[in-house]
Amino acid sequence: MEYNHKDIEPRVRQAWQNAELYKVEIDHSKPKYYVLDMFPYPSGAGLHVGHPLGYISSDIFSRYKRLQGFNVLHPMGYDAYGLPAEQYAIQTGQHPEVTTRENVARYRTQLDNIGLSFDWNREIRTCDPEFYKWTQWAFLKMFGSYYDLDADRAMPVEELEKRFAEKGTQGLRAAAGKDMEFTAEEWNAMDKKERNDVLMNYRLAYLGNSMVNWCPALGTVLANDEVSEGVSVRGGHPVEQKQMWQWFLRVSAYAERLLQGLDRIDWSDSIKETQRNWIGKSEGAEMKFRLDGRDDLVLDIFTTRPDTVFGVTFMVLAPESKYVDMLTTPEQREAVNEYLSSIKHRTERERMIDKRVTGVFSGSYAINPLSGKKVPVWISDYVLAGYGTGAIMAVPAHDSRDYAFARHFNLPIIPLIKDADVSEASFDAKEGIMINSEGPELNLNGLTVPQAIASTKEFIEKSGIGKVKVNYRLRDAIFSRQRYWGEPIPVCYVDGIPTPYNNLPLELPEIDKYLPTETGEPPLGRAKNWCTPEGYPLELNTMPGFAGSSAYYLRYMDPRNHEALVSPEAIGYWRQVDLYVGGSEHATGHLIYSRFWNKFLFDYGYIVEDEPFRKLINQGMIQGRTSFVYRIKDTNTLVSAGLKDNYDTTPIRVPISMVTDDVLDIEQLRGWQKEFANAEFILEDGKYICGSAVEKMSKSMHNVVNPDDIVERYGADTLRLYEMFLGPIEQSKPWDTHGIDGVNRFIKKLWNLYWRGEELLVKDTEPTAENLKSLHKLIKKVSADIEAFSFNTSVAAFMICVNELAQQKCTSRTVLSDLIILLAPFAPHVAEELWHTALGNEGSIFNAKWPEFNEDYLKESTVTMAVSFNGKPRFNITVAADADNKTIEETALSNEAAAKWLDGKTIRKVIVVPGKIVNVVV
RNA sequence: GCCCGAAUGGUGGAAUGGUAGACACGAGGGACUUAAAAUCCCUUGGCCAUAUCGGCUGUAUGGGUUCGAGUCCCAUUUCGGGCACCA
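Using this note's numbering, you'd call the opening residue of the first sequence number 907 and step up by one each time.
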């Protein structure tokens, strides 16, 4: 029998399917293990060779855990809501569900072709009402909750209402949009509408009117993680800031817990760091500045450098600050208005690119609470309204932004740190000895910066000037999208008051066109009878993409449950995801939202773990190798890469399928696009050589390699092994089909250990010591490598072992049986085939047991060690494997070469690593 | 600007502080063959060499710790990623 993947692979997969091999149920007799891939958005382009990288590695891990006796949950599904299907619907009128269904079918075929061990009985789709019922359910739970900072958890809003009725806001510490103070009497006197407004300030899912990222091209608002450098992450359309009523999730309430939780999970440092940056905790103080001649007002500011108060030479308000209007004096009114309108036209993007210093004096003065000095209050857009209090104290000597502002407007600069040179730039470092910092009640001179920070904090708390305060950069997530293809938000409006719609699922209605209404309302405004049975209008916005992916990992545990998101039994057994594999691009989106969502459900005891994903592996991207042809400008002549420098050329990307080893298939190119049909070619050595570059793999770059083609030519096992062999999982690397032959050759060599033509080579012979050594080296290496997610080195270890066993002409059934079990997670089809045909076993190889490692087979009685000296010849000495410092000395001297070299010298020190290397100091 | 991470042959990449370059690709040479494909064997960091013994050098750069450093420490350069008028 020859190795023939086309015969083996479909047959083996069919057998798995018939046996329902990957179906998994709760089984208390076995330990559980939950391996999850980030589920894909089924795009029209299908999978390219980069996508399966993560799927293959998680599949290897799942199969390995299974062989080790774990009950492995390894599910898959589809993140089915998304913009491309909707854009396609707008263009063609085809319902996004139809497109989605087609794409899902294509994905399924492609995934199956790779031989992944998913339990498809548990498949979920976010657009399925049975699934999004629970997305909506969680949203309503959040709507009905507030965050109690004393209990440090989410609590029902009813508790809050009770509390307000009894004692108002007194003693309440809760996450809120703005600080509120009222008494029980005031609360009880409020009408329904007023109470609703108050509660909105506390709800974890709330309707808020604030600055949002509005993308006119997409016709919707976007969350912060969906915007990068002023343009949308999807499509790259400009995004502007707009004041709008939108649904939000109060993610900020969980900022501290999201930060603390990072210390308890096994994620890469880089992704934890990214999340820490995104959460952006800063510890400082809030301080009150009185205003000159105005007893009715104080200015609240936030600073992380309370030690620098004596260096404050001016104050700055954000243009959107509520103080702007109050502090503008009549004389300055005109100048301020002019300034405000001038910056209104600058978009966030423009402000980011062009960081010129602008600002205007308000006319008012504030009083420095520590020095008693009078300082002017300015207005400038370098201060952000949304962070801290929207007002700052400016210390130009020790803050670069304040420094630039002071220089530009010629404001004084007072250095506060000894020997700090502030003639050219500010001194921002938090180090040095304080000077110029003496006031009537507090003297910081002579202290170090950290000491000064601590003393100032203590002083302002004691004197009531301010209080210690922690700020987070993490913003609440905008939760509504003016789009059709998403989960309806289950809220209706009763007399204008947002009210839960509890009859879930609230199904997405049919509409005639997938566009906003003529009056500019979201597409759901086109739905007929979009209201409750009582006639109350339903919300027109839908949920964002991250809604469905925030808790999907819980649903896999119990996907067909109609009564609950997940049953107590299922959550009690599966608990959390043990291993999560996916791209690092979700660091500030999905991976934050999921953690938030999970913590929220945890607060109510619906689930049992505070963190959703115990271990996270971020697979790198596989880039494409793009090929270029070079057209001489203004002609239809293409010049080969080696000669292009002689001409003025434009590079053009051509499909990678027309290029072999950088040589272009000219006839294919002629047939590709009309413009090339009659092109002239300038060749070198009779060939057209293409240029190349490494770029993201995508359709538009014409560099996509389809896994189906690789499977067709080499088989799924070769594809799997090769993708793993390319390099470390977490690293990005370019795809290069060249090396794949090596892996394919390995499988054939492996096959030839079992079969020579029709002759079966496996015999019931006793394994030799050599055989066992080769095998157990492999067991040790592969087991350790899989645990460390180091698959490229395990594939190398297989290659070495198979070469050794081939050389040894190993025929031992026990060795060859263990070998194929070890390989099974990596190359499941060929392993399963040999398990049956060559080894004659019944039942799947995946019901076998992972071979146990035995150290004894690797032990040596003697070991040869290299002795080397600076510049002197090396020689080998052979000693007992367990030699220590004492025995080695004698051995060395009894060794002829060593004795010769050591002639006349004495050994001062001998360093031995048992079984390894020795170094002798003379 | 701040915070992470990385830098090893022609290429992808191996190396618990212990013989750097595993394994694979590519390249060169050879065997088999009428020929080709396939397969197999040898060589393959650089320099020197009496080219079969062997020597020197070498992991971005400069220092340091150590008997011993690709690995640990300090500084520098370059690249990748994150955050960014966040006070």
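Beta carbons are placed, not taken as given, at the ideal position from N, Cα and C, and that holds for glycine.
Just so it is clear, the structure is predicted and the values come from calculations on it, not from any experiment.
Euclidean distance between Cα positions of E908 and L1711: Counting from one through the first sequence, the residue named residue 908 turns up at place 2. Counting from one through the first sequence, the residue named residue 1711 turns up at place 805. Cα-Cα distance, rounded: 19 Å.
Distance, D965 Cα to L1684 Cα: As a first step, residue 1684 is located in the first sequence; it is residue number 778 there, counting from the start. As a first step, residue 965 is located in the first sequence; it is residue number 59 there, counting from the start. L1684 and D965: Cα-Cα distance of roughly 20 Å.
By a C-beta neighbour count over all protein chains shown, 10 Å radius and 16 as the cutoff for buried, is V1472 buried or exposed? Counting from one through the first sequence, the residue named residue 1472 turns up at place 566. V1472 should be labelled buried.
Evaluate the contact criterion for the region 1214–1226 versus the region 1301–1311: three or more CB pairs, one atom per stretch, below 8 Å. yes
Extent of the continuous alpha helix (DSSP H) to which Y1486 belongs: The sequence position of residue 1486 within the first sequence is 580, counting from 1. That residue, Y1486, is in no alpha helix (DSSP H); its beta strand (DSSP E) goes 1483–1488.
Is the number of C-beta pairs between the region 1695–1715 and the region 1728–1739 that are closer than 8 Å three or more? yes
Exposed or buried, which one is H911 when buried takes at least 16 other CB atoms within 10 Å? Your numbering for residue 911 matches position 5 in the first sequence. It is buried - the Cβ of H911 has at least 16 other Cβ atoms within 10 Å.
In whole angstroms, give me the CA-to-CA distance for G1597 and I1635. Mapped onto the first sequence, residue 1597 falls at position 691. Mapped onto the first sequence, residue 1635 falls at position 729. Whole-angstrom Cα-Cα distance: 28 Å.
The alpha helix (DSSP H) enclosing L1729, as first and last residue numbers: Sequence index remark: in the first sequence, residue 1729 carries index 823 (1-based). Unbroken alpha helix (DSSP H) run through L1729: 1719–1729.
State buried or exposed for T998, treating a residue as buried only when at least 16 other CB atoms are found within 10 Å of its CB. Counted from its first residue, the first sequence places residue 998 at position 92. Result: exposed.
Apply the 10 Å Cβ neighbour rule to S1490 and answer buried if 16 or more other Cβ atoms are within range, or exposed otherwise. Residue mapping note: residue 1490 aligns to position 584 of the first sequence, counting from 1. Label assigned to S1490: buried.
I need the straight-line Cα distance from R1780 to P1673, nearest angstrom please. Reading the first sequence from its first residue, position 874 is the one you call residue 1780. Reading the first sequence from its first residue, position 767 is the one you call residue 1673. At R1780 the pLDDT is 44, less than 50, meaning the model places this residue with poor confidence; the figure from the coordinates comes in the next sentence. Cα to Cα, the separation comes out at about 37 Å.
Please list, in chain order, all residues of the same chain as G1338 whose beta carbon is under 8 Å from its beta carbon, the five residues on each side excluded. Counting from one through the first sequence, the residue named residue 1338 turns up at place 432. Cβ neighbours of G1338 beyond the five flanking positions: I1323, K1324, D1325, A1326, T1354, V1355.
Whole angstroms is fine: what's the gap from T1180's alpha carbon to A1493's? Within the first sequence, residue 1180 is the residue found at index 274, counting from 1. Within the first sequence, residue 1493 is the residue found at index 587, counting from 1. If I take the Cα positions, the gap works out to 7 Å.
Please report how far the alpha carbon of F1631 lies from the alpha carbon of L1667, in whole angstroms. For this step, residue 1631 is matched to residue 725 along the first sequence. For this step, residue 1667 is matched to residue 761 along the first sequence. Each residue's Cα considered, the two are about 28 Å apart.
Measure the alpha-carbon distance for S1604 versus R1531 and round it to whole angstroms. The count along the first sequence starts at 1 and reaches residue 1604 at position 698. The count along the first sequence starts at 1 and reaches residue 1531 at position 625. For S1604 and R1531, the distance between alpha carbons rounds to 10 Å.
Residues in its own chain within less than 8 Å of G1495 by CB, not counting five upstream and five downstream? Start at 1 with the first residue of the first sequence, and residue 1495 comes out as number 589. Here the set comprises A1129, D1131, E1132, F1452.
Out of T1126, G1167, S1158, which has the shortest C-alpha to C-alpha gap to Q1152? Within the first sequence, the letter at position 246 stands for residue 1152. When T1126, G1167, S1158 are compared, the shortest CA-CA separation from Q1152 is found for T1126.
Which first and last residues belong to the alpha helix (DSSP H) in which W1641 is found? For the purposes of this step, residue 1641 is taken as residue 735 along the first sequence, with counting starting at 1. First-last for W1641: undefined, no H or E at that position.
What's the gap between the Cα of S1116 and the Cα of R972? By 1-based counting over the first sequence, the position of residue 1116 is 210. By 1-based counting over the first sequence, the position of residue 972 is 66. Whole-angstrom Cα-Cα distance: 51 Å.
Keeping to the same chain, check which residues put their C-beta closer than 6 Å to that of T1671; ignore five residues upstream and five downstream. Here residue 1671 refers to the residue found at position 765 of the first sequence. Within the same chain, T1671 has close Cβ partners T1717, S1718.
Could you give the C-beta distance for P948 and T1041, rounded to a whole number, given that I count them as a contact under 8 Å? For the purposes of this step, residue 948 is identified with residue 42 of the first sequence, where counting begins at 1. For the purposes of this step, residue 1041 is identified with residue 135 of the first sequence, where counting begins at 1. That belief does not hold up - the Cβ atoms of P948 and T1041 are roughly 18 Å apart, past 8 Å.
Buried or exposed: where does N1243 fall if 16 or more other Cβ atoms within 10 Å of its Cβ makes it buried? Taking the first sequence and counting its residues from 1, one reaches residue 1243 at position 337. Exposed, by the Cβ-count rule.
Considering only residues of the same chain and omitting the five flanking positions on each side of N1447, which have a CB-CB separation below 7 Å? Here the question's residue 1447 lines up with position 541 in the first sequence. For N1447, where only same-chain residues beyond five positions count, the Cβ hits under 7 Å are W1153, S1386, R1387, Q1388, I1395, P1428.
Taking just the CA atoms, how far does L1412 sit from P1035? In the first sequence, the residue the question calls residue 1035 occupies position 129. In the first sequence, the residue the question calls residue 1412 occupies position 506. Cα to Cα, P1035 sits roughly 8 Å from L1412.
Could you give the residue range of the beta strand (DSSP E) that holds G1454? In the first sequence, residue 1454 corresponds to position 548, counting from 1. Note, G1454: premise wrong, no beta strand (DSSP E); alpha helix (DSSP H) at 1451–1455.
Out of S1174, T1209, T1234, state which residue places its alpha-carbon closest to the alpha-carbon of L1197. Along the first sequence, read from residue 1 onward, the residue named residue 1197 stands at position 291. Cα-wise, what sits closest to L1197 is T1234.
Proximity below 8 Å, CB of V1263 to CB of N1274: For this step, residue 1263 is matched to residue 357 along the first sequence. For this step, residue 1274 is matched to residue 368 along the first sequence. No, Cβ-Cβ distance for V1263 and N1274 is not below 8 Å.
Can you give, in chain order, each stretch of the beta strand (DSSP E) that sits fully within the region 1222–1310 and has at least 3 residues? Here the runs fully enclosed are 1266–1273, 1280–1285, 1297–1300.
Please name the residue or residues paired with Y1512 in a DSSP beta bridge. The count along the first sequence starts at 1 and reaches residue 1512 at position 606. Y1512 is not bridged to any residue.
What's the C-alpha gap between F1208 and I1513? As a first step, residue 1208 is located in the first sequence; it is residue number 302 there, counting from the start. As a first step, residue 1513 is located in the first sequence; it is residue number 607 there, counting from the start. So the two alpha carbons sit approximately 38 Å from each other.
What are the residues that DSSP puts in a beta bridge with R1200? In the first sequence, counting from the first residue as 1, residue 1200 sits at position 294. R1200 pairs with L1197.
Residue from F1311, W1026, L1549, V1736 with nearest C-alpha to T1219: Within the first sequence, residue 1219 is the residue found at index 313, counting from 1. Ranking the options by Cα distance to T1219, first place goes to F1311.
Output the distance between the C-alpha atoms of L1078 and A1272, rounded to the nearest integer angstrom. Within the first sequence, the letter at position 172 stands for residue 1078. Within the first sequence, the letter at position 366 stands for residue 1272. Straight-line Cα distance between these residues: approximately 31 Å.
If you follow the beta strand (DSSP E) that M1117 is part of, which residue opens it and which one closes it? Mapped onto the first sequence, residue 1117 falls at position 211. It spans 1111–1121 - the beta strand (DSSP E) in which M1117 sits, taken as one unbroken run.
Candidates A1060, G1352, D1334, F1315, of which the one nearest D1516 by Cα: Your numbering for residue 1516 matches position 610 in the first sequence. Taking only the C-alpha atoms, the option nearest D1516 is A1060.
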